[in-house]
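As you go down the protein sequences, you meet chains A and B in turn.
If you count the first sequence from 1, position 80 lands on 80 in the working numbering, and the numbers rise without skipping.
If you count the second sequence from 1, position 32 lands on 1032 in the working numbering, and the numbers rise without skipping.
Note that CB positions come from ideal geometry on N, CA and C, so glycine has one too.
Remember, predicted model here, so these are calculated numbers, not experimental data.
Working notes for the structure below.
Protein chains: 2
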Amino acid sequence: MLSKKTQYALKALEYLVAHYNQGPVLISEIAEKKHIPLKFLENILLELRHHDILDSKKGKGGGYMLRTEPEKTSLANVIRIVEGPIAMLPCVSLYFYQPCESCDQTQCRIHDLFIEARDAILNVLENKTLADLRQTALV
Amino acid sequence: MLSKKTQYALKALEYLVAHYNQGPVLISEIAEKKHIPLKFLENILLELRHHDILDSKKGKGGGYMLRTEPEKTSLANVIRIVEGPIAMLPCVSLYFYQPCESCDQTQCRIHDLFIEARDAILNVLENKTLADLRQTALV
DNA sequence: GGAGAATTCCATTTGCAAGTGGTAATTACC
DNA sequence: GGTAATTACCACTTGCAAATGGAATTCTCC
Ligand code: SF4
Ligand code: SF4
């Protein structure tokens, strides 16, 4: 399971995508509409800003907005920033690789199985972007 | 990422598969060979026994063993017991479904995306069993 | 039936994610 | 320049997973 933090991040981004190019959005507005604890959401959005996913503006009329077009940011990218590894095991992670002590990879079947699982997940998450979070128009 | 607990469980099961039909295996032996904290491993193996994955024998000559043939137990099954949900979101879990408050699934794109991710993962984990953890013979 | 070997069970500590609170810094507007 | 609105930052609390400690139970073997 993704951490709560990541789930909140995704929801917030969904909201920001829906309001893309409509000016800054208040943290409090996102928090209320998406039922996210306000102060926790502050931390999350700030982290996304530091990683250039979001941009912000202080003071009256300020708020948060996407930094680039939604198509430019993959879900995998977002999850790696907020959650960390996407792989289910440390030793099959592409960006956070870490073997367990005294690893003999040639004798470890677990490794191979979770490489498969990782590739299956990445095949989905690398190919979806924030644009895929945009809500379809009402009929 | 899978929790440490689940990672330990998988490693322990790998060891038990390798010694399938060779009589009971000591917890302490598994802990030492697989570098797992002894007391923590106790809890994990006990939980697996309560869920009929493992069997145990007390006293001298006792220990843990698989309850059935390795082919009978899928990795998905093991993970659900030790870790809980396999899906990345509560609302796309088959066995642990839980929506967030005020869910409007028709308007939520996140949901659909993670259904895809879930199916990709399950396609791997449901079709692998403990038998796939058996080490290939040395050449 | 007693001694030793092993699992089982329960209670506690530790460490980190989740969540909260308060203050500083920045900006817009009059 | 003063005031209100907003993000930014820092420090703390809470809750749960991870890990540990110790005593109870069951079994084997002599
Ligand atoms: S022993 Fe197996 S699971 Fe551990 S790091 Fe090596 S390959 Fe990965
Ligand atoms: S709002 Fe979306 S993410 Fe939340 S429970 Fe409903 S479908 Fe799932």
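Where residue i and residue j are concerned, what is the direct C-alpha to C-alpha distance, given to the nearest angstrom?
i: residue 122 (chain A); j: residue 1136 (chain B); result: 27 Å
i: residue 1125 (chain B); j: residue 111 (chain A); result: 13 Å
i: residue 1037 (chain B); j: residue 1031 (chain B); result: 6 Å
i: residue 1018 (chain B); j: residue 104 (chain A); result: 15 Å
i: residue 1115 (chain B); j: residue 1009 (chain B); result: 26 Å
i: residue 1033 (chain B); j: residue 51 (chain A); result: 41 Å
i: residue 113 (chain A); j: residue 1043 (chain B); result: 25 Å
i: residue 1022 (chain B); j: residue 1102 (chain B); result: 54 Å
i: residue 1107 (chain B); j: residue 16 (chain A); result: 14 Å
i: residue 1041 (chain B); j: residue 1066 (chain B); result: 15 Å
i: residue 97 (chain A); j: residue 81 (chain A); result: 15 Å
i: residue 1059 (chain B); j: residue 1035 (chain B); result: 24 Å
i: residue 1088 (chain B); j: residue 57 (chain A); result: 32 Å
i: residue 68 (chain A); j: residue 127 (chain A); result: 17 Å
i: residue 3 (chain A); j: residue 78 (chain A); result: 13 Å
i: residue 1039 (chain B); j: residue 1083 (chain B); result: 18 Å
Less than 6 Å between C-beta atoms, sequence neighbours within five positions excluded: which residues of the same chain meet that for residue i?
i: residue 1048 (chain B); result: 1054
i: residue 1062 (chain B); result: 1024
i: residue 1131 (chain B); result: 1070, 1071
i: residue 94 (chain A); result: none
Check for me: the beta strand (DSSP E) holding residue i runs from which residue to which?
i: residue 1056 (chain B); result: 1054 to 1057
i: residue 66 (chain A); result: 63 to 66
In chain order, what residues of the same chain lie with their CB nearer than 7 Å to the CB of residue i, ignoring the 5 residues before and after it?
i: residue 45 (chain A); result: 12, 27, 54, 64
i: residue 1020 (chain B); result: 1066, 1070
Rounded to the nearest angstrom, how far is the Cβ of residue i from that of residue j, given a contact under 8 Å?
i: residue 74 (chain A); j: residue 129 (chain A); result: 5 Å
i: residue 85 (chain A); j: residue 1001 (chain B); result: 5 Å
Would you call the CB atoms of residue i and residue j closer than 8 Å?
i: residue 1092 (chain B); j: residue 1118 (chain B); result: yes
i: residue 1120 (chain B); j: residue 120 (chain A); result: yes
i: residue 109 (chain A); j: residue 1029 (chain B); result: no
For the alpha helix (DSSP H) containing residue i, list its first residue and its last residue.
i: residue 1008 (chain B); result: 1004 to 1018
i: residue 114 (chain A); result: 109 to 125
i: residue 42 (chain A); result: 38 to 50
i: residue 92 (chain A); result: Residue 92 (chain A) -> no alpha helix (DSSP H), and no H or E assigned at all.
i: residue 1082 (chain B); result: 1075 to 1082
i: residue 131 (chain A); result: First-last for residue 131 (chain A): undefined, no H or E at that position.
Below 8 Å CB to CB, which residues in the same chain sit around residue i once its five sequence neighbours on both sides are set aside?
i: residue 90 (chain A); result: 96, 97, 98, 99, 100
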